[in-house]
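Residue numbers (our numbering), protein chains in the order written: chain H, 3 to 335; chain Y, 85 to 409.
For glycine and all other residues, C-beta sits at the position ideal for the given N, C-alpha and C.
Please read all numbers here as calculations on a predicted model, not as lab measurements.
Worksheet for the structure shown next.
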Amino acid sequence: MTDTPQMARTTARRFDPFDFLARYGTLIALLLLILFNLAFTRNFATIQTLNVNLTQVCTIVIVAVGMTLVIATGGIDLSVGSLMAISGALAPMIFLGKIMPIGNIYLAVAAAMLVSIAVAGLFGLFNGWLISAFRIQPIVATLVLFIAGRGIAQVMTNGNLQTFRVPQFQFIGLGRVLGIPVQVILMLLIVLAAAWMLKRTVFGRQIIAIGGNERAAELSGIAVARVKLLVYAISGLCAGLAGLVVIAINSSSDANLVGLGMELDAIAAVAVGGTLLSGGKATIIGTLIGAMTIQLVRYTLLANGVPDAAALVVKAGIIILAVWIQQQGRAHA
Amino acid sequence: MTRTRWISLLGRYGVVVALLLLVLFGWLRYDYFLGFFNISSVLRYNSMFALVALGMCFVIMTGGIDLSVGSTAALGSVVAALFSPQGVWIGLGAGVGAGLCVGLVNAALVTRLKIMPFIATLATMLAASGTALLLADNQSVSVSYDSGFTSIGQDNSFGFPIPAWIALAAYIAGWIILNFTSTGRGVLAVGGNEDATRMMGLPVGRIKFLVYFASGGLAGLAGVILASQFGAGQPIEGVGWELFAIAAVVVGGTLLTGGVGSVGATLAGVLLLGILFNVLNFENGKGWISLSAYWQSVIRGLFLLIVVVLQAKLAARGNAAVRDH
């Protein structure tokens with residue numbers, strides 16, 4: 003994706019199946035899955051099916067966009083699931099008036115959204131601070147909040163389930179604009195904004211440069227520490243928003259469950275989408291396609307009577323296959 | 085010179101000092117802290133984590149990571165429970181064998197297909213978990229109480245819990261392998277500089293293969309103890325074990341970049357995190373403060389934070405001191 007046209011011209015003279023698969027394999031797999039379902043899964047071509055799949059994949063994609071940026075710098079963020087739990091626990095406490103009563107419900111909902119997303123962003127900033135100020139490895143630094151973050155959410159709510167019916171808030175999970183679920187619009191906006199930023203802005207190119215060669219990036223005058231801080235903060239913000247969408251869909255917030263295992267789903271989507279896990283090459287659209295492919299595989303298996311446990315095994319196989327094909331593509335290129 | 089030495093000693097034995105201080109604190113503050121019952125229950129429970137962390141320690145020393153250990157332990161517990169009516173040894177062998185199978189897949193993915201350890205073991209984590217759920221039909225599998233299988237996890241031998249003896253034996257073997265065999269030295273060499281190690285003619289592929297294989301087997305063994313101790317194979321146990329094990333290894337001072345590590349310090353790291361839990365329970369029992377179970381993960385996270393920040397500062401100081409001389 004980041005190849006310049008000249009390079010593409012010199013390398014792509016002869017058709018190389020591995021290179022082709024590495025570039026378009028995931029997209030082809032997605033299209034094949036759709037064709038398969040159109041042929042064999044009953045009631046597949048309905049708005050209902052589309053909505054079910056899109057709403058399920060939304061939160062993964064939102065988190066995975068932040069994760070893509072983090073991974074592009076050569077890092078990783080294990081704390082996203084726990085940050086979702088924190089924002090998911092905090093928001094209802096605010097709009098239900100448990101912290102302080104707010105008279106106007108619109109004001110309360112706005113405050114809840116802003117504060118809880120901001121708090122998740124601050125925790126992300128904290129991750130970035132550990133990584134850039136102390137040079138702690140990202141996997142260890144974010145492990146701290148992975149362990150502590152869910153505990154913080156549980157302590158805040160005392161482990162209790164918070165249930166609510168607040169349509170003004172749940173608009174982000176249940177509402178529709180022109181028939182399209184609001185969270186799908188949110189997801190698309192975030193994907194487009196991030197893809198544009200990564201390709202077209204200085205900040206985006208700096209992210210890629212740091213992942214490619216951090217020392218070289220630093221020597222060429224990029225403020226590496228600041229870029230890393232921002233990237234982890236963005237990942238926190240994305241996780242915060244995803245937490246809100248999850249609780250809005252569920253009409254309840256359970257600190258023990260919100261975002262559980264999300265870090266792995268997001269990393270899997272990023273890897274299947276073609277972003278290099280060692281950094282330096284990233285594609286946001288790829289991440290979107292990766293997440294949708296994993297989701298559709300699971301849906302296809304479940305819709306055709308395969309148990310969820312077996313779907314896990316298949317998902318594992320797909321992750322390995324996708325990463326392996328991409329590696330072959332690079333080795334041949 | 086003395087300052088450099090002091091810093092490196094603190095970095096190396098800090099975890100042991102912290103462990104001793106914590107035990108001293110517990111001994112002075114709580115009546116039954118060093119009582120037989122408490123010691124054996126702490127050892128019995130933490131021996132599972134100790135086994136998983138030992139495998140993780142070796143994998144991390146090569147510069148890799150094994151995210152699959154938790155679900156491998158779950159799979160091991162299910163398989164052991166299914167085979168437990170056949171007898172102790174068959175149950176034990178089946179559980180360990182299941183773990184070795186997962187280890188074999190990890191090893192093949194990492195060394196043959198050259199897939200990054202993080203992604204390879206993430207995938208096998210999902211696959212092992214799915215297989216455990218399929219075999220167990222989505223519920224716990226009760227073990228046989230007639231075959232004596234439960235004695236592995238529940239009985240004592242020479243006054244100490246059998247799981248503690250198993251873990252101790254594994255750590256002694258691990259220590260000998262790391263320090264006195266060419267494979268063990270090779271593990272550290274691979275983690276320090278893989279290309280250089282390959283050029284020196286060491287069998288890099290075989291060394292890496294062995295660590296993932298062993299990590300799987302140890303996780304399977306932890307699963308056998310889990311099933312035996314709690315009387316059931318538990319397909320959804322083991323969630324988050326991998327990260328606990330990584331935390332213990334890191335607390336023990338092993339660098340995640342590989343090349344440096346200590347088996348003994350890893351054991352100290354496991355005990356430190358385990359006893360921290362134990363102390364919190366005692367503190368709750370005293371009634372001065374009342375921390376819900378949820379606080380424990382917050383405190384564990386804080387503790388990990390302090391350790392890694394201190395390590396980072398020590399490493400920076402150590403580098404500066406080395407430069408000064």
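Asked                                                                                                                                                                                           : Found
Quick check on the burial criterion: 16 or more other C-beta atoms within 10 angstroms. Buried or exposed for D239(Y)?                                                                          : exposed
Would you decide whether F42(H) is buried or exposed? Buried here means 16 or more other CB atoms lie within 10 Å of its CB.                                                                    : exposed
Taking a cut of 8 Å between CB atoms, which residues from the segment 145 to 175 of chain H lie near chain Y?                                                                                   : L145, V146, L147, F148, I149, A150, G151, R152, G153, I154, Q156, V157, N160, G161
For the putative contact between G90(H) and L246(H), defined by C-beta atoms under 8 Å, what is the C-beta separation to the nearest angstrom?                                                  : 7 Å
Does chain H have any CB closer than 8 Å to the CB of N222(Y)?                                                                                                                                  : yes
Can you tell me whether Y108(H) is buried or exposed, with buried defined as 16 or more other CB within 10 angstroms of its CB?                                                                 : exposed
List the residues that DSSP assigns as beta-bridge partners of S241(Y).                                                                                                                         : F244(Y)
Name, in chain order, the residues that DSSP records as bridge partners for I174(Y).                                                                                                            : Answer by DSSP bridge pairing: none, since I174(Y) is not bridged.
Does DSSP put A257(H) in a helix, a strand or coil?                                                                                                                                             : coil
For R25(H), is the classification buried or exposed, using 16 other Cβ atoms within 10 angstroms of its Cβ as the cut-off for buried?                                                           : buried
Quick one, which residues of the segment 196 to 209 of chain Y are near chain H if we go by CB-CB under 8 Å, in chain order?                                                                    : L197, K198, I199, M200, F202, I203, A204, L206, A207, T208, M209
Can you tell me the Cβ-Cβ gap for G358(Y) and G154(Y), rounded? I've got them flagged as a contact below 8 Å.                                                                                   : That belief does not hold up - the Cβ atoms of G358(Y) and G154(Y) are roughly 16 Å apart, past 8 Å.
Which one of G276(H), G282(H), T295(H), I133(H) has the shortest CA to CA distance from D21(H)?                                                                                                 : G276(H)
Alpha carbon to alpha carbon, what distance is there between G270(Y) and L286(Y)?                                                                                                               : 7 Å
Run through chain H and tell me which residues come within less than 8 Å of R401(Y), C-beta to C-beta.                                                                                          : By Cβ distance, chain H contributes nothing, its closest Cβ being about 12 Å from R401(Y), past 8 Å.
Determine, using beta carbons only, whether A10(H) comes closer than 8 Å to chain Y.                                                                                                            : Confidence at A10(H) is low in this model, with a pLDDT of 46, below 50, so its placement is unreliable and the value that follows should be read with caution. Answer no: the Cβ-Cβ gap between A10(H) and chain Y never drops below 8 Å.
Looking at chain H, is there any beta carbon in it that lies within less than 8 Å of the beta carbon of I144(Y)?                                                                                : no
Which runs of the alpha helix (DSSP H) fall wholly inside the segment 233 to 299 of chain Y and span at least 4 residues, in chain order?                                                       : 235 to 238, 246 to 264, 266 to 276, 278 to 283
Check whether the segment 340 to 359 of chain Y and the segment 101 to 109 of chain Y touch, using three or more Cβ-Cβ pairs below 8 Å as the test.                                             : yes
One question on the structure: do I154(H) and V382(Y) come within less than 8 Å of each other, judged by their Cβ atoms?                                                                        : yes
Counting only beta-carbon separations shorter than 8 Å, does V121(H) have a partner in chain Y?                                                                                                 : no
Using a cut-off of 8 Å between C-beta atoms, extract the partners of S226(Y) located in chain H.                                                                                                : Correct list: empty, because the minimum Cβ distance to chain H is about 19 Å.
Would you please state the rounded distance, in angstroms, between the beta carbons of T159(H) and S81(H)? I believe it to be under 8 Å.                                                        : Rounded, the Cβ-Cβ distance is 18 Å, inconsistent with contact.
Could you tell me whether any Cβ in chain H is nearer than 8 Å to the Cβ of I320(Y)?                                                                                                            : no
Could you tell me which residues DSSP pairs with T165(H) in its beta bridges?                                                                                                                   : S254(H)
Going by Cα to Cα distance, which pick from G343(Y), L127(Y), G315(Y) is closest to F167(Y)?                                                                                                    : G315(Y)
Check R178(H) in the structure and name its three-state DSSP category.                                                                                                                          : strand
Quick check: the Cα distance between I104(H) and F97(H), rounded to an integer number of angstroms?                                                                                             : 8 Å
Let's test the definition: count the other Cβ atoms within 10 Å of the Cβ of L37(H) and tell me whether it reaches 16, buried, or not, exposed.                                                 : exposed
List, in chain order, every chain Y residue whose beta-carbon is nearer than 7 Å to that of R137(H).                                                                                            : A396
Starting from the C-beta of V333(Y), find all residues in its chain whose C-beta is less than 7 Å away, skip the five residues before and the five after it, and write them out in chain order. : A137, M140, C141, I144, T350, G353
Whole-angstrom Cβ separation of N39(H) and G161(H), contact assumed at under 8 Å?                                                                                                               : That pair is no contact at about 40 Å.
What residues match up with S226(Y) in a beta bridge as DSSP calls it?                                                                                                                          : A316(Y)
Would a check of beta-carbon distances place L314(H) closer than 8 Å to chain Y?                                                                                                                : yes
If you draw a straight line from the alpha carbon of V274(H) to that of E367(Y), how long is it in whole angstroms?                                                                             : 47 Å
So, using beta-carbon positions, are G77(H) and G261(H) closer together than 8 Å?                                                                                                               : no
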